[in-house]
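Here the structure is laid out as structure tokens; the discussion comes afterwards.
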Amino acid sequence: MRFHKRLLRAEPSFRLMAKLWRISWLYVLLICALAGIGYVTLYSAAGGVPYPFAAPQAARFAVGLVLMVTVAMLPPRVLMRASWGMYALSLVLLVAVLHMGHVGKGAERWLMVGGLQIQPSEFAKIALVTVLATWFSRMDHARMGNPLWLVPPAFMVLVPVALVLKEPNLGTAVIIGGIGASLFFTAGMRLWQIILLVLPVPSLVQFAYGHLHDYQKARITTFLHPESDPLGAGYNIIQSKIALGSGGMWGQGYLHGSQGQLNFLPEKQTDFIFTMIAEEWGFIGAAAVIALLVLLIMGGMIMAIRCRNRFGRLIALGISMNFFFYCLVNLSMVMGAIPVGGVPLPLVSYGGSAMLNVMLGFGLLLSTWVHRDTRLDESGGSPA
Numbered sequence: 001m002r003f004h005k006r007l008l009r010a011e012p013s014f015r016l017m018a019k020l021w022r023i024s025w026l027y028v029l030l031i032c033a034l035a036g037i038g039y040v041t042l043y044s045a046a047g048g049v050p051y052p053f054a055a056p057q058a059a060r061f062a063v064g065l066v067l068m069v070t071v072a073m074l075p076p077r078v079l080m081r082a083s084w085g086m087y088a089l090s091l092v093l094l095v096a097v098l099h100m101g102h103v104g105k106g107a108e109r110w111l112m113v114g115g116l117q118i119q120p121s122e123f124a125k126i127a128l129v130t131v132l133a134t135w136f137s138r139m140d141h142a143r144m145g146n147p148l149w150l151v152p153p154a155f156m157v158l159v160p161v162a163l164v165l166k167e168p169n170l171g172t173a174v175i176i177g178g179i180g181a182s183l184f185f186t187a188g189m190r191l192w193q194i195i196l197l198v199l200p201v202p203s204l205v206q207f208a209y210g211h212l213h214d215y216q217k218a219r220i221t222t223f224l225h226p227e228s229d230p231l232g233a234g235y236n237i238i239q240s241k242i243a244l245g246s247g248g249m250w251g252q253g254y255l256h257g258s259q260g261q262l263n264f265l266p267e268k269q270t271d272f273i274f275t276m277i278a279e280e281w282g283f284i285g286a287a288a289v290i291a292l293l294v295l296l297i298m299g300g301m302i303m304a305i306r307c308r309n310r311f312g313r314l315i316a317l318g319i320s321m322n323f324f325f326y327c328l329v330n331l332s333m334v335m336g337a338i339p340v341g342g343v344p345l346p347l348v349s350y351g352g353s354a355m356l357n358v359m360l361g362f363g364l365l366l367s368t369w370v371h372r373d374t375r376l377d378e379s380g381g382s383p384a
């Protein structure tokens with residue numbers, strides 16, 4: 001530890017070496033393991049060939065690794081200064097997607113930039129974590145007790161939620177709201193404040209349901225009674241359950257899943273990729289993937305606990321909760337526990353924006369670990 005601190009006070013090149021040494025490479029190995037599972041599953045989803053899914057996903061992951069390590073080197077004060085710009089950029093992109101977004105499956109969720117599709121709602125989740133962490137890191141216990149100090153961060157959450165709902169993208173909007181609520185709670189909200197926030201929820205849910213699109217209402221109806229339209233709205237979830245059950249304890253074997261290989265399974269490379277894992281590798285393989293996801297979430301929580309500055313703790317908790325909500329919504333969706341919401345399984349499902357933004361989040365998480373001993377003053381702007 002003393003040797004590391006001496007390196008951090010040395011020349012820039014030595015400080016860089018010290019920071020690289022402090023990265024949790026075991027955590028990076030877990031990330032690579034999950035991405036590796038995604039690669040072999042996407043290889044199977046394409047019928048045993050690397051294109052069009054596995055090879056591009058591997059290239060994106062390689063870029064994501066570089067991005068992750070680069071962000072992990074950034075000190076807390078740089079992240080705090082950049083948080084407001086990231087949040088503002090995320091809102092600009094969310095507004096832009098409503099006016100010039102690429103339409104896919106009835107929703108405007110993507111922007112075309114240089115021939116590439118980007119999904120601003122994914123970046124908005126990371127930006128929200130950083131800006132809320134910056135705001136709450138500057139609030140003491142007395143300010144947390146004053147409701148007026150909670151109004152600005154509440155709007156910081158509600159604005160992207162409203163913009164994402166407008167796309168419409170209900171699943172991601174729920175995750176953004178969940179991330180905001182978790183950061184409010186961990187920042188030290190009083191019990192009476194939480195009760196006040198919860199009281200209007202039933203009315204808001206009723207109001208929101210009345211303004212849902214027809215296909216979103218159909219998803220809820222299908223969730224309750226999927227057998228009512230087995231070849232239409234209920235097809236996806238019925239096929240997903242068949243694939244989950246057909247794997248049994250040990251699975252049907254790699255590249256031999258009947259529902260996946262015969263193309264009965266819908267969106268098998270994105271939203272329903274976990275069902276391919278369960279079908280080919282069985283309960284044992286599915287449980288192993290879930291265990292790996294739990295290890296990544298718990299590792300993030302441990303990093304939050306070990307961090308000595310409040311900003312870093314909130315960043316680590318926010319990123320961990322983002323990953324948790326990703327996994328919870330996707331796994332619950334494919335198992336039929338909640339309505340289908342179009343949320344991918346991080347690092348496993350095919351997709352560029354989701355992959356790079358998850359890796360950006362892991363970079364922020366590792367930054368809190370690398371700089372876990374950094375002390376920040378009350379303004380959060382510089383080390384003490």
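Per full-length UniProt numbering, residue 1 is the first one in the sequence shown, and the count goes up by one each step. A virtual CB, placed ideally from N, CA and C, is assigned to each residue, including glycine.
{"query": "Backbone secondary structure at Val340 - three-state DSSP", "result": "coil"}
{"query": "Close Cβ partners of Leu248 (< 8 Å) along its chain, the five nearest in sequence each way excluded", "result": "It should be noted that the sequence gives Gly, not Leu, for residue 248. Excluding residues within five positions, the ones whose Cβ falls inside 8 Å are Gly282 and Phe283."}
{"query": "Sequence ranges, alpha helix (DSSP H) only - wholly within the segment 254-280, length at least 4", "result": "258-261"}
{"query": "Neighbourhood of Arg308 by C-beta distance below 8 Å, restricted to the same chain and skipping five residues each side", "result": "Arg372, Asp373, Thr374 and Arg375"}
{"query": "Whole-angstrom distance between Ala173 and Ala162, CA atom to CA atom", "result": "8 Å"}
{"query": "Pairwise C-alpha distance: Leu67 and Met73", "result": "10 Å"}
{"query": "Unbroken beta strand (DSSP E) run spanning Gln119, endpoints", "result": "It is not in any beta strand (DSSP E) - Gln119 carries neither H nor E in the DSSP assignment."}
{"query": "Rounded C-alpha distance that separates Asn236 from Arg310", "result": "43 Å"}
{"query": "Simplified DSSP assignment, three categories, for Trp21", "result": "helix"}
{"query": "Tyr51 burial status per 10 Å Cβ neighbour count (16 or more: buried)", "result": "exposed"}
{"query": "Ala337 beta carbon near the ligand COA (any heavy atom closer than 7 Å)", "result": "Summarising the ligand content, the structure contains no ligands, and the ligand COA is consequently not present."}
{"query": "Spatial distance of Ser382 from Arg81 (CA atoms)", "result": "Bear in mind that the predicted position of Ser382 carries a pLDDT of just 37, short of 50, making it too unreliable to give a figure here."}
{"query": "Ile195 classed as buried or exposed, judged by whether at least 16 other C-beta atoms fall within 10 angstroms", "result": "exposed"}
{"query": "Where the alpha helix (DSSP H) through Leu199 begins and ends", "result": "Note, Leu199: premise wrong, no alpha helix (DSSP H); not H, not E."}
{"query": "Selected residue, minimal CA-CA separation from Ser258, among Arg22, Leu20, Ile37 and Gly47", "result": "Gly47"}
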